[in-house]
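Undergrad: I have a structure I would like to understand better, so I am pasting it below and will then ask my questions one at a time.
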Amino acid sequence: MTFRARHLLGIEHLSPLEITTILDLADRYVDLNRRTVKSSDVLSGMTQINMFFENSTRTQASFELAGKRLGADVMNMSVAQSSVKKGETLIDTAMTLNAMHPDLLVVRHGASGAVNLLASKVNCAVLNAGDGRHEHPTQALLDALTIRRAKGRIQRLTVAICGDIAHSRVARSNLILLGKMENRIRLVAPPTLMPAGVQDFGCELYDDMKKGLEGADVVMMLRLQKERMDGGFIPSEREYYHRYGLDAEKLGHAKPDAIVMHPGPMNRGVEIDGDLADDINRSVIQEQVEMGVAVRMACMDLLARNLRAERGRQIVGAMV
Amino acid sequence: MTTLYLTNAQLIDPAGGSVTTGSVTLAKGLISAINGPKPKGATEVDCGGHYLAPGIVDIGVKVGEPGERHKESFRSAGLAAAAGGVTTIVARPDTLPAIDTPETLEFVTRRAAEASPVRIRHMAALTKGREGREMTEIGFLLDAGAVAFTDAFNVSSDTKALSRALTYARSLGALVIGHPQEPGLSKGGAATSGKFASLRGLPAVSPIAERMGLDRDLALIEMTGARYHADQITTSRSLPALERAKAQGLDVTAGTSIHHLTLNEIDVGDYRTFFKFTPPLRSEEDRLAMVEAVASGLIDTISSMHTPADEESKRLPFEEAASGAVALETLLPAAMRLFHAGHIDLPALFRALSLNPARRLGLPQGRMEVGAPADLVLFDPHAPFVMDRFTLRSKSKNTPFDGQRMEGKVLATFVAGTQVFKA
């Protein structure tokens, strides 16, 4: 087992071996989650706090379930409508929570780098559940697990990531992870939604979706935020769907066994055709949700082991 | 006042472009002789073979008075300046409230004179409240001692109002300092667009926004004939326009900040907010282009763009954190990096730090010649040290050089013939 990290702030800091370690452990948690009795005690006695500065239902539920299945005491703080609104700074909130001795802190924040900042001020393990446009590591890991289970490997695949790349932390984390695992990555987006300098990351850029999907093993769709639909970045919803929405015809350019992914929540009829999303032969969107719980259990398990080891060393040090 | 006789110094003459060994006599606030005999009763100071240069004239220093004295007062800024070899602070008007009336200007002038060991000159706002709509009382403000007019980092999007202010300023011969930036394009940008900003997921602005801002300002200068200085040119994309304007004979000069000459966007690293600037740090190619432009004289001045920010405003997520850094004390050591890297010699460096800013503002400082004000800095360009931000004299400690190895120490600073700092 190789996993030495103190926090899980992004894919950027993980080695390919660490990624494989997480995925291997997550595979075992998938089996556990499919049993009737799903409980485990690896986090028993530990406290997990979910701190979501941005509203989220799915990710928060996934983390909560993951923690509970591992036996942690889970608390949800809906920070979006609490003291932060009263002018308390992020650091103050973090220090207040830190004084309550949590062991795992799951944080989502609207500003890039906010979770890194917070992690530098607390002495528990911090999991990044999405920071601004920066990273969303557990999403990339669950996507990797989904791909590995569907394709049998997570190397040497052609993966097309399509949609609002510029504003997507999911795209960034996936881009980094898939790159580390030596896959061929294509980014498909209208030029207004393509971030600058991204060609230097070693991926191919396309603004023509059909060309971008040519021969792809995996088609990863991204959510287009409602507020970006009207005129600002794209002319209209219907033009976007026409040119960049995934339907059976466009998918026909990918490999016949290509799988379709989406991090959710989906805008049916905007970035993806509703029937295609439900096609159990092509779409693995439900599997992604299932893998999400398992991957988060694996991440928290590994971080908790490191935390225990570190605290053990401190106690031994204090006795000597 | 005692007469000082500084001997055994390497004299840097920015105007003549030379470094010579010799002595300087300071009497009655002026340089009374160079390589003259020791006057009777003069106190002799042995400079130990170190370098003596005209003190730095720093255009664009933010002092927190009025309104933000907890960040920096005239006293703390003056002490920091003295320790950094800055003998004239040219203060920005982006205070609370803005310095946009003769009354406010008189107030800060009085406060500054009481509190600071170095000279402090003031710039006034070009428009009321720095809002870019109505011009200030440029005439009264000139009479009250304003050396230039600027809205600091606020860029007027009302081009008509700006053109009127420039036309009016021209009739009085007032110098206008602009912040070249296209306000729409640069809105919300916390980093320079490119690979690094994309990787970090930071809202970014293209360097083109600076060129567009400069293009607009220069077109207005062509139209109105006003005297213009661009506060910071930070990208190579702006240089052709600047070069053209100068060749065309417009009364235009430009500055850059020490941070854009010594740091690049990668230094931001893991969202380090002490490296957040307006405009944001650029690519290494742009940094080198700026260094070259200073060495060639295309960019006239180097400023610290000293901007104190308290811990609270920096301990925030990067995009929400305050921009800017304190730099009065680090300006000279940081500038020595350019000298040590072989990019620029010392006379050329002090041309940009001392002579050109003084000339542009019509001040007699910045010269190593008989009759010039005795504002001098004695420094050792080779003395190494590790920067510790808590040793800074500024009330705010936000320096990007914290923990960095630097070479170049100020040994003594003289203002009007009086020693105001000794290391």
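As you go down the protein sequences, you meet chains A and B in turn.
When the letters of the first sequence are read in order and numbered with our numbering, they come out as residues 9 to 328.
When the letters of the second sequence are read in order and numbered with our numbering, they come out as residues 244 to 666.
Just so you know, even glycine gets a beta-carbon here, dropped at the ideal spot from N, CA and C.
1. Rounded to the nearest angstrom, how far is the Cβ of B:Ala334 from that of B:His365, given a contact under 8 Å?
2. When you compare each of B:His422, B:Ile363, B:Arg470 and B:Ala356 to B:Tyr411 by their alpha carbons, which one comes out closest?
3. I'd like to confirm the pairing. Which residues does DSSP put opposite A:Asn84 in its beta bridges?
4. Helix, strand or coil for A:Gln207? Go by DSSP, reduced to three states.
5. According to DSSP, simplified to helix, strand and coil, what is B:Ala395?
6. If distances are taken between C-alpha atoms only, which option among B:Val390, B:Gly427, B:Leu463 and B:Gly382 comes closest to B:Ser400?
7. I'd like to know whether the C-beta atoms of B:Leu295 and B:Leu269 end up nearer to each other than 8 Å.
8. In this structure, does DSSP put A:His250 in helix, strand or coil?
9. Could you work out which residue in A:Asn58, A:Ala256 and A:Ala197 is closest to A:Ala74 when comparing CA atoms only?
10. When Cβ atoms are compared, which residues of the region 117 to 132 of chain A fall closer than 8 Å to chain B?
11. Going by C-alpha to C-alpha distance, which of B:Gly259, B:Glu311, B:Ala252 and B:Leu273 sits closest to B:Val288?
12. For B:Gly567, would you say it is in contact with chain A, using Cβ-to-Cβ distances shorter than 8 Å as the test?
13. On the criterion of 16 or more Cβ atoms from any shown chain inside 10 Å, does B:Asp337 qualify as buried, or is it exposed?
14. Of all the residues that make up the region 441 to 473 of chain B, which are near chain A by a beta-carbon distance shorter than 9 Å?
15. Could you tell me how far apart the beta carbons of A:Ala174 and A:Leu135 are, in whole angstroms, since I believe they sit closer than 8 Å?
16. Is any beta-carbon of chain B found at less than 8 Å from that of A:His142?
17. Could you check if B:Pro627 is buried or exposed, using at least 16 other CB atoms within 10 Å of its CB as the buried criterion?
18. Chain A partners of B:Leu524, CB-CB under 9 Å?
19. What residues of chain C sit near B:Arg558, judged by a beta carbon separation below 9 Å?
20. Using only CA atoms, which one of B:Arg603, B:Gly279 and B:Gly284 lies nearest to B:Ala497?
21. Compute the distance between the beta-carbons of A:Glu279 and A:Thr154, then report whether it is under 8 Å.
22. Apart from the five residues just before and just after A:Lys46, which ones in its own chain have a Cβ nearer than 8 Å to its Cβ?
23. Does B:Asp513 come within less than 8 Å of chain A when only Cβ atoms are used?
24. Find the residues of chain B that neighbour A:Val301, judging by a C-beta separation of less than 8 Å, and give them in chain order.
25. Apart from the five residues on each side of it in sequence, which residues of its chain come closer than 6 Å, Cβ to Cβ, to B:Gly260?
26. Could you tell me the boundaries of the beta strand (DSSP E) in which B:Ala296 lies?
27. Report the three-state DSSP secondary structure of A:Lys46 (helix, strand or coil).
28. Name the chain A residues that come within less than 9 Å of B:Ser436, Cβ to Cβ?
29. Identify which residue in A:Asn124, A:Pro145 and A:His270 has its Cα closest to the Cα of A:Ala26.
30. Is the number of C-beta pairs between the region 535 to 543 of chain B and the region 561 to 580 of chain B that are closer than 8 Å three or more?
31. Which complete alpha helix (DSSP H) runs does the region 498 to 532 of chain B hold, if anything under 4 residues is left out?
32. How would you write the range of the alpha helix (DSSP H) that A:Ser70 sits in, first residue to last?
33. I need the boundaries of the beta strand (DSSP E) containing B:Lys665, first residue and last residue.
34. Within this structure, are the beta carbons of B:Gly609 and B:Leu598 separated by less than 8 Å?
35. So, is B:Pro643 buried or exposed, given that buried needs 16 or more other C-beta atoms within 10 angstroms?
36. In or out: B:Asn278 buried (at least 16 other Cβ within 10 Å) or exposed?
TA: To lay it out plainly:
1. 5 Å
2. B:Arg470
3. A:Asn58
4. helix
5. coil
6. B:Gly427
7. no
8. helix
9. A:Asn58
10. His117, Ala119, Ser120, Gly121, Ala122, Asn124 and Leu125
11. B:Ala252
12. no
13. buried
14. Ser441, Leu442, Arg443, Gly444, Leu445, Pro446, Ala447 and Ser449
15. Rounded, the Cβ-Cβ distance is 25 Å, inconsistent with contact.
16. yes
17. exposed
18. Ordered by position in chain A, no residue passes the 9 Å Cβ test against B:Leu524, which lies about 15 Å from the chain.
19. You won't find chain C in this structure, because its protein chains are A and B.
20. B:Arg603
21. no
22. Leu40 and Arg77
23. yes
24. In chain order: nothing, as chain B lies at least about 26 Å away.
25. Pro590
26. Tyr294 to Pro297
27. coil
28. Pro203, Ala204 and Gly205
29. The residue asked about is misnamed: residue 26 of chain A is Glu in this sequence, not Ala. Out of A:Asn124, A:Pro145 and A:His270, A:Pro145 has the C-alpha closest to the C-alpha of A:Glu26.
30. no
31. 501 to 505
32. Arg66 to Arg77
33. Thr661 to Lys665
34. yes
35. buried
36. exposed
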